[in-house]
Every structure is written in C-alpha cells, then in structure tokens.
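**Q** Under the working numbering, read the sequence shown as residues 3 to 659, first letter to last.
The beta carbon of each residue, even a glycine, is placed where N, CA and C say it ideally should be.
Attaching a single structure in structure tokens format; questions to follow.
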Amino acid sequence: MKSIRTKITLCLILTVLVSLVASGSSGITLNYHSTMSTVEKMMSETAVLAADRVQQELMAYKNAVMEVGCIPQLSDPDVSLDEKRSIINGRVSMHSFQRGNIIGLDGISIFDGKDYSDREYVQQAMQGNIFVSEPLISKITGELSIMVAAPLYANGDYGSAIIGVVYFVPRETFLNDIVSAIQIGENSRAYMINKSGDTIADITLDTITVQNIEAEAQSDPALEELAAIHSEMRQGKSGFGSYTNGENKMFAAYAPIADTDGWSIAVTAPQLNYLASTRNAMNINIIVIIISMLLSVIIALILAFRISKPMKACSDRMRLLVEGDLDTPMPKITSKDETGMLASSTESLVEGLRTVINDIGYLLNEMANQNLDVHTEHEEVYVGSFRNILLSMRHMKEELSISLRQVNRSAGEVSNASSQLSASAQMLGQGTTEQAGSVQELASRVSVISEQVKNTAQGALDIRGQTHQTGNEVLLCNQKMQSLMEAMQKIRESSEEIEKILKTIDDIAFQTSILSLNAAVEAARAGSAGKGFAVVADEVRNLASKSAEAAKNTSELIGNSTDAVHIGTEIAQNTAEVLTEVVNSIQAMTEAIDNIAAVSNEQSEEVEQISEGINQISVVVQTNSATAEESAAASQQLSAEAMCLKELVERFTLASD
C-alpha cells in the first residue's frame, strides 16, 4: 500500500513531468514545424529560382541562336562558306560557345558534311522550334555536349521559310556550372533530370546521362524515397520532400524548368543543416526537464513530508487507539491548515473516547461492586451515537434493579412457602408414623384372629368326625357349645375392634390426603422452585388414596366376617336349644357342622386377605413416612437457599425509583 507521501510526491512529479514534457514537446514540435516550414519554403523558392535561372540561361542561349538564324547572309546561297563560318565563329566568340554549325534541309552540315538528320535538336529546329538538347555525345568531338538549335530563315526573315538549322554548342559544363552555383548550405547540392529521369546536370560529370535513380531504385530499395521524388519531377510538378542518402537524412525541393523538354531541377540539403537548432532546442528542453524534475522532486518531497507527517502522526495515534491505547498523548501539530485541523480533531476524538471509556469503566466497576445507584460523572461527553451507550447503561441499571427487587420478593415468598411446606411435611411424617404403629397393632390382632379362625375350622372338622359319638357325649357337646359361644363372642368382639381400627386408618388416610392437598397448594405458590414438592405432594395424595381404598376393602371383609360370626352364633344357639335332640338329629347336626366348617374356611381365607391388605397398608404408610421426611428435609433446604438468595440480593445497593 502506497503512503500518502508517496502519492503526493508521485502526483506532483507526474504533474510537473507531464507539464514539462507537454510544454517541451509543444515547443519542440512548434520549432520543428516552424523550421520545416521555413526550410520547405526556402528550398522550394530556391528550386524555383534555380529553375528560373536555368530557364534564363537557356533563354539567353536560345535568343543568341535565334538571332543567328535571322542573319540573312547565312541563308544567302551567294555568300561563301568561309564568310558563313566567319559569322558563326564570331557568334561563338561573342557568346562563349564552343562551336557552331549550319545544317541544310537535308540534315547535312555545310561545314563538315556530316549527317545530323537523326538528331532531335535538328528535327525540332526544322519544325520551327528553338530547342536545347539534352547532353549527348558530339559527332564532331565525341564528347558530351549540349546543342542549342534554331531554324535558319530565308533572307533572315523571322517566321519565313526555314531553309536549314543553326546550332551552337555551349561549353559542356554550363549546366553543371549553374547547379554548382546553387548553394543553400553545407553539403547541399542541385542537379537536373530530363523527362526520362536521367541526370543531365550535377556538380560532377560522372553522373551525367548515366544515372537514373528510378531505374536504380528497382534493385536498390534505399533509393525508393528519392525515386518517388524523381517521379514527381518527371511529371512537371514542384514540391518538397525528404529521403535517406546512406546514413544522412536529406531534404529535397524541386521545380520544373519552363520552356524545356520536361527538364526539372532539384535542390537537396542535409536535414542536419536545418534541424540542428531544433535538436539543440530538444536537448536544452530535456536538460530543463531533468533539472525541473529534480527541483520538483525536492519540492514534492518537502511538501509531501509536511503534509504526510501530521497525517502519519494522526494515523499512528489512531492505530494506538485501535489497539486500546487511550493514554498516549497526541503529538503536537503546529500547522494551521487542514492537517492541523485533522490533528486537532484526532486529539479531540482520543480525549473524548478516553473520557467515555473511563466513565464507562467507572460505572461498570461500581455495578460490579454491587452498587446500582451510580451515575455518570461526565454526561456532557455522551453526544451523538455515544448517547445511546449512556441510555443503554441507565436502562441496564434500572432493569437490574427491578429484577433484583423481584428476586428479593420472590426469595422471601419462596422462603415462607418452603417453611410452611416443611411444617406440613413434618406433620404428615408424624401422622404417618402414628398410622404405621396402628397398622402394626392391627396386623397383630388380625394374625390372632386368623389363628382362631383356623382353629375353629379345624374344630368343625373334628366335630364332623366325631358325630357318631355325639349321642354319648351330649353333655360334653353342651360344654363345647358353650365354649363355641364364647369363642364366637370373642370373634365378634375382635371384629368390632378391627372395624374401629379400620375407622382410624380411614381417618388417617383422610388427614394424609388433606395434608397432601395443602402441600400441593404451597408448592404451586412457590412456582418453579416448588415443582419438586408438588410431585411429592401428589405422591403422598396417591398413597393416602390407596390407604383409604385398602381400609375400605378391609372393612368390607371384616363386615362379611362379622355377618358370618352372627350366623355362627345363631347356629350355636339353635344347636344348644336342640342339643337334647342331637341323638335324633344326627344328620341335621352333621349338615350344620359341614356348614360351620365351610364358613370357617371362608373366614380363614378372608382373614388372610385382610392380613395381606394390612401388610400393604403398612408398606404404604412406611413409604408415606419416608416421603414425608424427605419432603420436610427438601423444604428446609429450599428455605435455606431462599434465605441465602435473599441475603445476596440485599447486598446490592439498588437504584432509587
């Protein structure tokens, strides 16, 4: 991640660089285009002037030759050949020609007798044109020469009948002299080409008529640019261009030469002659850009340092703030600009957060020390979103106070309820213990009755076996009958005692049910804390209900036993009344004894059932007793816990309403 110092430095450097490059490039470009425009204009004008000069030179030669063609003596057949040669030689001397000649209509020279009819300049002059030939090999000297030819008019009258041709040969270097005189700078040159592209004038004779750039460009691609310029020249166009000559870049301006057979002149010069100043300006601009860049880097670094230092200080302080450091002081920033404002705002932020955090720590510490009646010491710093923190703290404190008050009240209620439940459980345990004793006693008595019933049944069986002796032992039977009456009386008395005991058991079961209902009501008042006691109360109530049911069943059995005892008593009474008739009623007695035996067996079975019921009642009572003891212990423990909770709540200093 780039620092702001780096960004500022880069932005300033890039801005200065772009500005300098843009201005330098614009200056160089303008300078280049201005130079190019100047060079193009100057060289184009030079080319035009050179073409005009060549034209003027050629025109002077043409006029001189035309004037010779209008000399009457030359067309007069009466003038001797020597006179005519004298006239020609005079004009040669006058115009610095190399030589002159007169050609007849047949193309034969009147001086040397050679045939010139194949020469273009002769043919053009025969047609009335003043014609300057391209450099060609002279038939007289065998050297490269240029011929200027004009018609020879009859009688010297211009425009009259042409009777021959007059031509002169200027010195062979006159075109080269013209182009050699054209100098526009160091290493510049001028040359001329004809309509075929052949070089006809140059600063050297080596290229005359043997150099054709367009033809050479077909085998040498390096000449293609120059060949394109020559193509334009052959078309009679004027213009400006550039090409490469070896390692040098060259400018070329060209213009057609008027009144010639497609001649054109070109002026060339190295680009370095004209672009040197542009290159110097470019180098100077580059140097200025480099120096300016160095200065801008220094200035940018200084400026970036002054801007980034306060911001980095703020960033470092904010980083410490993120790490939880609220005590490190903010570095002093003396600047009065935006960075100073940023530093001041950062310092205010740190100071505000420190005050808020310290105040929150104070409030929470007081709450942790069980003081809920605490208030902020710096309410003014809780602004904006911080206000929600203060409101939340106050709301939390109030809700804790309300909750603790409710817990305190609930603890008191639970303590009271558990105390009542413990007392009820103790009463239930005591009653259950007493009930267990009664049931044990009842079980003992029922055991005795059961033994007696068994004995009675056995006696009935013995009597049935001894009925045959009844008659002889009537007195003894009477005595036995009295004993039986007494036993029956005792059975009835025992049954009555059992009924009383069952009544007592039923009362105990009823009281147990009432106590369990009270325990359930108290457990419901205790809420969730009394759920366990509610279960115990339900269990006790179920056991009481079972005890009552067992007592009821036992009472029914005892009632049946009592009825049976009454029947036995009546039978015994009847037996006593008719004992005197025993002898005569042995059969009836036997049947009665059988009934007694059957009833006795039934009584024995019923007494055994009563004994089992009493045992069940004993087990239930013992279970009730243990449950009551556990309920009492749990109630005491609950009461103790409730008191402990109440003491813990009372340690808090609650917020005032």
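Measure from the alpha carbon of Val181 to the alpha carbon of each residue in Ser46, Asp204, Ile619, then state which is nearest.
**A** Of Ser46, Asp204, Ile619, the residue nearest in Cα terms is Asp204.
**Q** Tell me whether Arg411 sits in a helix, a strand or coil according to DSSP, three-state version.
**A** If DSSP states are grouped into helix, strand and coil, Arg411 belongs with the helices.
**Q** Does DSSP put Pro79 in a helix, in a strand, or in coil?
**A** The answer is coil: DSSP assigns Pro79 none of H, G, I, E or B.
**Q** What would DSSP say about Arg191, mapped onto helix, strand or coil?
**A** It is a strand residue.
**Q** Could you give the residue range of the beta strand (DSSP E) that holds Tyr123?
**A** It is not in any beta strand (DSSP E) - Tyr123 instead sits in the alpha helix (DSSP H) that spans 122 to 128.
**Q** Sorted by chain position, which residues of the same chain lie with C-beta nearer than 7 Å to Tyr160's C-beta, five sequence neighbours on each side aside?
**A** Cys72.
**Q** Cα-Cα, which of Asp361, Glu59, Val20 is closest to Arg173?
**A** That would be Glu59, whose Cα lies nearest to the Cα of Arg173.
**Q** Among the residues of its own chain, which have a CB less than 7 Å from the CB of Ala594, if the five just before and after it don't count?
**A** Closer than 7 Å at Cβ, skipping near neighbours: Ile573, Thr577.
**Q** Going by DSSP, which residues form a beta bridge with Ser244?
**A** Note: Ser244 sits in a beta bridge opposite Phe253.
**Q** Look at Ser518 and Val542 and say whether their C-beta atoms are less than 7 Å apart.
**A** Yes. Within cutoff.
**Q** For Met3, is the classification buried or exposed, using 16 other Cβ atoms within 10 angstroms of its Cβ as the cut-off for buried?
**A** The predicted model places Met3 with a pLDDT of 48, which falls under 50 and marks its position as unreliable, so this point remains unresolved.
**Q** Between Arg694 and the rest of its own chain, which residues show a CB-CB distance below 8 Å, the 5 nearest in sequence each way excluded?
**A** With the chain running from 3 to 659 in the structure shown, residue 694 is simply not present.
**Q** Return helix, strand or coil for Thr11, following the three-state DSSP convention.
**A** Looking at Thr11 - three-state DSSP - the assignment turns out to be helix.
**Q** By alpha-carbon positions, which one of Met398, Val537, Asp261 ends up nearest to Asp375?
**A** Nearest C-alpha to Asp375: Met398.
**Q** Using only the alpha-carbon positions, how far apart do Leu303 and Asn360 sit?
**A** Their Cα atoms are separated by approximately 41 Å.
**Q** Below 8 Å, how does it come out for the segment 249 to 261 and the segment 47 to 58: are there three or more Cβ pairs, yes or no?
**A** These segments touch.
**Q** Is the segment 277 to 296 touching the segment 24 to 32, taking contact as three or more C-beta pairs under 8 Å?
**A** Yes, the segment 277 to 296 is in contact with the segment 24 to 32.
**Q** Whole angstroms is fine: what's the gap from Tyr276's alpha carbon to Lys197's?
**A** Answer to the nearest angstrom: the Cα atoms are 30 Å apart.
**Q** Please state whether the Cβ-Cβ distance between Ala566 and Val601 is less than 7 Å.
**A** Contact: yes.
**Q** With H, G and I counted as helix, E and B as strand and the rest as coil, what does DSSP make of Val609?
**A** Three-state result, Val609: helix.
**Q** From this set, Arg87, Phe388, Asn33, Ile164, which residue's C-alpha is nearest Asn282's C-alpha?
**A** Measuring from the Cα of Asn282, the nearest candidate turns out to be Asn33.
**Q** Rounded to whole angstroms, what is the Cα-Cα separation between Ser405 and Glu632?
**A** Computed Cα separation, rounded: 32 Å.
**Q** Report, in whole angstroms, the separation of the C-beta atoms of Gln63 and Val150, which I expect to be a contact under 8 Å.
**A** Here residue 63 turns out to be Tyr, not Gln, going by the sequence shown. Their Cβ separation, rounded to whole angstroms, is 5 Å, which keeps Tyr63 and Val150 in contact under 8 Å.
**Q** Enumerate in chain order the residues of its own chain whose CB-to-CB distance from Met395 is below 6 Å, with the five nearest sequence positions on each side excluded.
**A** For Met395, where only same-chain residues beyond five positions count, the Cβ hits under 6 Å are Leu365.
**Q** Give the secondary structure of Val385 by DSSP, where H, G and I count as helix, E and B as strand, and everything else as coil.
**A** The answer is coil: DSSP assigns Val385 none of H, G, I, E or B.
**Q** Across which residues does DSSP place Ile139 in a beta bridge pair?
**A** Beta-bridge pairing links Ile139 to Leu146.
**Q** Output needed for Asp117: all residues of its chain with C-beta closer than 6 Å, excluding positions within five of it in sequence on either side, in chain order.
**A** Counting only Cβ-Cβ distances below 6 Å, and skipping sequence neighbours, we find Gly109, Ile110.
**Q** From Ser190 to Glu226, what does the alpha carbon distance come to, in whole angstroms?
**A** Distance between the alpha carbons of Ser190 and Glu226 is about 20 Å.
**Q** Taking just the CA atoms, how far does Gln100 sit from Ala1?
**A** Past the boundaries of the shown model lies residue 1; the chain is included only from 3 to 659, so the question cannot be answered.
**Q** Evaluate contact between the segment 126 to 139 and the segment 74 to 87, counting only Cβ atoms and requiring at least three cross-stretch pairs below 8 Å.
**A** Output reads no: the segment 74 to 87 does not touch the segment 126 to 139.
**Q** I'd like to check one pair, Ile165 with Ser77: are the Cβ atoms closer than 7 Å?
**A** Against a cut-off of 7 Å, the Cβ pair of Ile165 and Ser77 comes out as a contact.
**Q** Residues in the same chain with beta-carbon distance under 8 Å from Ala217, minus the five sequence neighbours each way, listed in chain order, please.
**A** Result list for Ala217: Gly199, in chain order.
**Q** Between the alpha carbons of Tyr193 and Ala278, how many angstroms are there, rounded?
**A** Near 25 Å, if we compare the C-alpha coordinates of Ala278 and Tyr193.
**Q** Rounded to a whole number of angstroms, what is the C-alpha to C-alpha distance between Tyr384 and Asn373?
**A** Approximately 22 Å between the Cα atoms of the pair.
**Q** How would you call Val609, buried or exposed, if buried means at least 16 neighbouring beta carbons within 10 angstroms?
**A** Result: buried.
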